[in-house]
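Numbering-wise, our numbering comes out as the position in the sequence shown, counting from 1, plus 37. Think of the CB as a built atom: it goes at the ideal place given N, C-alpha and C, for glycine as much as any other residue.
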Amino acid sequence: METKNIMIVGVGGQGSLLASKLLGHLLMGQGFDVKVSEVHGMSQRGGSVVTFVRYGDKVYSPVIDKGQADAIVSFELLEAARWLQYLKPGGRVVTNTQQIDPMPVITGAAEYPGKLVGKMEAAGAKVDALDCLGLAEQAGSAKAVNLVLLGRLSHYFDFPPEAWQEAIEACVPGKFLELNRRAFALGQRA
């Protein structure tokens with residue numbers, strides 16, 4: 038199998054690192070060689086966070102080059118657009134529709150761009166945009182956006198449901214397990 042590439046992008050504090058850990062665990066459990074690389078900007082609350090997840094028969098490098106990502110999983114709409122140049126032609130973007138103002142917007146130096154889903158689609162991306170924050174709150178916590186996104190992402194993999202559940206159990210602390218299972222299920226059914 039050729040190496041597949043997934044980028045997980047978001048804003049610090051949204052749970053993207055847990056999402057990448059869980060996805061890596063799932064893929065290893067399916068017998069793939071997996072490499073995960075975290076690239077941080079100002080990852081403390083508010084800065085951009087990027088994780089590369091690569092898997093296949095044999096993966097030699099954890100880094101994804103521009104134009105090579107099969108999928109981008111985004112916790113925030115502008116982050117999806119910001120990293121779009123890494124998506125390969127016809128690649129898929131699974132994104133939360135939440136909009137978090139970056140510093141230039143907060144300070145009034147810029148405006149949050151409009152119609153981002155349409156712009157990404159016009160650039161050739163297959164975009165699956167979902168209100169993951171609303172579903173996470175419905176599950177019981179805004180912090181469960183990561184599991185809602187993974188539930189949505191699960192549509193694009195042919196892995197058994199129990200493999201996803203095993204990865205959740207292995208990576209999520211016990212006291213948050215039921216909440217995260219609910220969030221995953223809501224993303225999966227959305």
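Contacts around residue i, its chain only, beta-carbon distance under 7 Å, and the 5 residues preceding and following it disregarded
{"i": "S80", "result": "With a pLDDT of 49 at S80, under the threshold of 50, the predicted position of this residue should be treated as unreliable, and no value is reported."}
{"i": "V209", "result": "N217"}
{"i": "L190", "result": "V110, V131"}
{"i": "D138", "result": "Y149"}
{"i": "R219", "result": "A176, G177"}
Buried/exposed call for residue i, threshold 16 Cβ in 10 Å
{"i": "M140", "result": "exposed"}
{"i": "R226", "result": "exposed"}
{"i": "Y123", "result": "buried"}
{"i": "E116", "result": "buried"}
{"i": "E206", "result": "exposed"}
{"i": "F69", "result": "buried"}
{"i": "G188", "result": "buried"}
{"i": "E113", "result": "buried"}
{"i": "A146", "result": "exposed"}
{"i": "S53", "result": "buried"}
Cβ-Cβ separation, residue j to residue i (assumed contact under 8 Å), whole Å
{"i": "V182", "j": "A173", "result": "5 Å"}
{"i": "S74", "j": "F89", "result": "5 Å"}
{"i": "F196", "j": "Q51", "result": "In fact, because the Cβ distance is near 24 Å, the residues do not count as touching under 8 Å."}
{"i": "L186", "j": "A56", "result": "7 Å"}
{"i": "K125", "j": "G93", "result": "The pair is not a contact, with the Cβ atoms about 15 Å apart (cut-off 8 Å)."}
Beta-carbon proximity of residue i to residue j, cut-off 8 Å
{"i": "L223", "j": "A166", "result": "no"}
{"i": "F221", "j": "L170", "result": "no"}
{"i": "M44", "j": "I101", "result": "yes"}
The ligand NAD heavy atom lying under 7 Å from the CB of residue i
{"i": "Q136", "result": "For the structure depicted, the ligand NAD is absent and the ligand set is empty, with no information on it obtainable."}
Cβ neighbours of residue i in the same chain (closer than 8 Å, five flanking residues each side left out)
{"i": "R119", "result": "V46, S85"}
{"i": "L121", "result": "I109, V130, M157, A160, A162"}
{"i": "Q234", "result": "Missing from the structure shown is residue 234; the chain here goes from 38 to 227 and no further."}
{"i": "A200", "result": "L63, G66, Q67"}
Own chain partners of residue i with C-beta closer than 6 Å, once the 5 adjacent residues on each side are dropped
{"i": "H192", "result": "none"}
{"i": "A204", "result": "L59, H62, L63"}
{"i": "K72", "result": "R91, V96, P99"}
- Three or more beta-carbon pairs under 8 Å between the stretch 113 to 133 and the stretch 153 to 164, yes or no? yes
- Item | Three or more C-beta pairs below 8 Å linking the stretch 134 to 148 and the stretch 98 to 108 | no
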